[in-house]
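To start, the structure itself, in structure tokens.
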Amino acid sequence: MNGPDEQMTPGISPAERLRPAPQVRFRELRGEGILLDLERGLYFRLNETGVAIWSGLEAGLSLGEIDLRLQSEFEVDPDQAWRELKAIVRAMKAERLLVVDPG
Amino acid sequence: MNKAIVYQLRGPDSLPKGAGSFVYVLAGQTLLSSISLPILEGFRHLDRPPGSSNSQPHTRLSGEPIDRASSTRGLIGGVHRNVAATHSASETALEIEGIGTFRLDFRTRAIEVLRPTVASESIDFAESLLGPLLALLFQRDHIYFLHASAVEIAGRAVLFVGESGTGKSTLADAPATVWPRVADDVVPVTVGPTGLKTLPNFPQLKLRGVLRAAEFGDSPLPAREVFAIDATALDGDTIAIEPQSASRAALTIATHTVASRLFSPSGLEAHLDFCARAALAANVSDLRYPRGLDRLPAIRAEIIERLREGISPARGERSEVVRG
Numbered sequence: 010m011n012g013p014d015e016q017m018t019p020g021i022s023p024a025e026r027l028r029p030a031p032q033v034r035f036r037e038l039r040g041e042g043i044l045l046d047l048e049r050g051l052y053f054r055l056n057e058t059g060v061a062i063w064s065g066l067e068a069g070l071s072l073g074e075i076d077l078r079l080q081s082e083f084e085v086d087p088d089q090a091w092r093e094l095k096a097i098v099r100a101m102k103a104e105r106l107l108v109v110d111p112g
Numbered sequence: 194m195n196k197a198i199v200y201q202l203r204g205p206d207s208l209p210k211g212a213g214s215f216v217y218v219l220a221g222q223t224l225l226s227s228i229s230l231p232i233l234e235g236f237r238h239l240d241r242p243p244g245s246s247n248s249q250p251h252t253r254l255s256g257e258p259i260d261r262a263s264s265t266r267g268l269i270g271g272v273h274r275n276v277a278a279t280h281s282a283s284e285t286a287l288e289i290e291g292i293g294t295f296r297l298d299f300r301t302r303a304i305e306v307l308r309p310t311v312a313s314e315s316i317d318f319a320e321s322l323l324g325p326l327l328a329l330l331f332q333r334d335h336i337y338f339l340h341a342s343a344v345e346i347a348g349r350a351v352l353f354v355g356e357s358g359t360g361k362s363t364l365a366d367a368p369a370t371v372w373p374r375v376a377d378d379v380v381p382v383t384v385g386p387t388g389l390k391t392l393p394n395f396p397q398l399k400l401r402g403v404l405r406a407a408e409f410g411d412s413p414l415p416a417r418e419v420f421a422i423d424a425t426a427l428d429g430d431t432i433a434i435e436p437q438s439a440s441r442a443a444l445t446i447a448t449h450t451v452a453s454r455l456f457s458p459s460g461l462e463a464h465l466d467f468c469a470r471a472a473l474a475a476n477v478s479d480l481r482y483p484r485g486l487d488r489l490p491a492i493r494a495e496i497i498e499r500l501r502e503g504i505s506p507a508r509g510e511r512s513e514v515v516r517g
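In order, the protein sequences belong to chains A and B.
Take 10 as the starting number for the first sequence in our numbering and just add one per residue.
Take 194 as the starting number for the second sequence in our numbering and just add one per residue.
Rendered as structure tokens:
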């Protein structure tokens, strides 16, 4: 699922549990999605992979569990699934769309 | 037909009083004004609409907790101005740099002019009213203003959106016998069970001064096609029309909604729903074409041909989180 360099990516690990930030709203559109940050008035768009990840985060899954779901739903190999998940989660974090699940 | 809603505009004591004396019909909605707005004379109705009354309930900004403050810069009266909004549950205070301070009361659908710094007869005042003030007030009734040009083709409105200077007005400015104009700068729209539709008779102040309502038709029109003009000119003769995916279409509509950065949190959430529904109800396509006035007839012909063929929504794109 993830090689040594991925394991060392700061803040993104399979065990990590992140949640949609409370000020962010999501709407699904023909399998894609749009996000709105109510505090900043900013809109974002997600493709099908992004929607699958967002749905997993909403459902309370860990990144590792979402990774397994992506492999199954999109029939992609483990490396590709983890790479895409990591890139999207990193972008969502950078845009302050996620918070750490307090448990 | 959209049910007409009555809105109010109230002037301060420094302006001549006459509560509800002036009746204007904009985008099919009624505006009762205590202030004469000569610039909108073409939209004035001499008869009071049925059911309206001179005695309107009046609500002060009443110490309600403020739940959001927002600000943006906008082009009003040819000048980029700061516009700051402070929202409580049922009211918004709006300060427009160099124009004045206003209170919007959503319970009574009223705009109260608190501290005007320009005359109500001025073009700056009219642009403020027809821009952020009415955009915020109408939004509560699910009417949104799109910054767009629009024409009528085969009984439907076709909208052109794009950044300033991309040529949307020029493209829409075909002879009226070819493409009757629906709007030249701001298009009031709403989305309902029958899809997206434009509302008629909204003043267009952009290039030609105030245009009379009659020039822009008098009926709502279904709007099934929106073209987003890409500022990137193509080489040669190529005219490119590429359907946007649903998520891109929603962001295109969000980006071109007037005053959306001033919406309250509940207004933003309603706007999100509007953009999602509009993106599913209309086909939104990227439009790129070579520059040059001599190319306009060919571009218009291509648009008509594509409308005749029908434009299908695009599939989604590669994985990404893209800010709109």
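Glycine included, each C-beta is placed from N, C-alpha and C at the ideal position.
The model shown is predicted, which means the values in this text are computed figures rather than measured ones.
Secondary structure remark: continuous alpha helix (DSSP H) runs of at least 4 residues inside the segment 291-365 of chain B, in chain order: 316-321, 327-332, 361-365.
Contact between Ala-416/B and Ile-43/A is absent: CB atoms are separated by about 20 angstroms, not below the 8 angstroms threshold. At a cut-off of 8 angstroms between C-beta atoms, Glu-41/A counts as an interface residue with respect to chain B. Under the Cβ criterion of 8 angstroms, Ser-412/B is not counted among the residues facing chain A. For Gly-59/A, same chain residues with a beta-carbon under 7 angstroms away, outside a window of 5 residues either side, are Gly-42, Ile-97 in chain order. Non-local C-beta neighbours of Phe-331/B in its own chain, meaning closer than 8 angstroms and more than five positions away in sequence, comprise Tyr-200, Ala-220, Gln-222, Tyr-337, Phe-338, Pro-381, ordered along the chain. Ranking Ser-229/B, Ala-350/B, Thr-301/B, Leu-268/B by CA distance to the CA of Glu-284/B puts Thr-301/B first. Residue pairing of Thr-450/B in beta bridges, as defined by DSSP: Leu-339/B. One alpha carbon belongs to Phe-236/B, the other to Glu-320/B, and they sit about 15 angstroms apart. With the criterion set as a beta carbon lying under 7 angstroms from some beta carbon of chain A, the members of the segment 436-449 of chain B are Ser-438, Ala-439, Ser-440, Arg-441, Ala-443, Leu-444, Ala-447, in sequence order.
Within the same chain, and ignoring the five residues on either side of Gln-32/A in sequence, the residues whose Cβ sits closer than 7 angstroms to its Cβ are Asp-46, Leu-47, Glu-48. Interface with chain B (8 angstroms Cβ-Cβ cutoff): Gly-50/A is included. DSSP, read as helix, strand or coil, puts Gln-397/B in coil. DSSP places Gly-235/B within a helical segment (H, G or I) once states are collapsed to three. The C-alpha of Arg-374/B lies about 20 angstroms from the C-alpha of Ile-446/B.
Here Gly-324/B is not near Val-311/B, since their CB atoms are 8 angstroms or more apart. A Cβ of chain B is located within less than 8 angstroms of the beta carbon of Arg-36/A.
Minimum Cα-Cα distance from Phe-299/B among the listed residues Ala-452/B, Leu-473/B, Ser-457/B corresponds to Ser-457/B.
By DSSP's assignment, Lys-390/B forms a beta bridge with Thr-383/B, Pro-415/B.
Cβ neighbours of Glu-495/B within its own chain (closer than 6 angstroms, five residues either side excluded): Ile-432. With the criterion set as a beta carbon lying under 8 angstroms from some beta carbon of chain A, the members of the segment 450-462 of chain B are Ser-453, Arg-454, Phe-456, Pro-458, Leu-461, Glu-462, in sequence order. For Ser-81/A, the three-state secondary structure derived from DSSP is helix. In the DSSP assignment, Ile-43/A falls within the beta strand (DSSP E) that extends over 41-46. For the set Leu-414/B, Leu-326/B, Arg-488/B, Glu-314/B, the Cα lying nearest the Cα of Asn-394/B is the one of Leu-414/B. Counted as a single uninterrupted DSSP element, the alpha helix (DSSP H) harbouring Arg-470/B occupies residues 458-474. Residue state for Pro-490/B is assigned as helix, using DSSP reduced to three classes. The beta carbon of His-273/B sits closer than 6 angstroms to the beta carbons of Arg-266 from its chain, once the five residues preceding and following it are set aside; these are given in chain order. Ser-263/B belongs to the set of residues whose beta carbon lies under 8 angstroms from a beta carbon in chain A. Going by DSSP, Ile-289/B is part of the beta strand (DSSP E) stretching over 284-289. Between His-464/B and Thr-450/B a beta carbon distance of about 7 angstroms is seen, short of the 8 angstroms cut, so the two are scored as contacting. Sequence-distant Cβ neighbours of Ala-61/A in its own chain, meaning closer than 8 angstroms and more than five residues away, are Ile-75, Arg-78, Leu-79, Glu-82, Phe-83. Going by C-alpha positions, Ala-90/A is about 43 angstroms away from Leu-329/B. Nearest to Arg-34/A by C-alpha distance, out of Pro-111/A, Ser-64/A, Ala-24/A, is Ser-64/A. Between Glu-418/B and Val-354/B, the gap from beta carbon to beta carbon reaches 8 angstroms or more.
The C-beta of Leu-70/A comes no closer than 8 angstroms to any C-beta of chain B. In the DSSP assignment, Gly-267/B is bridged to Arg-274/B.
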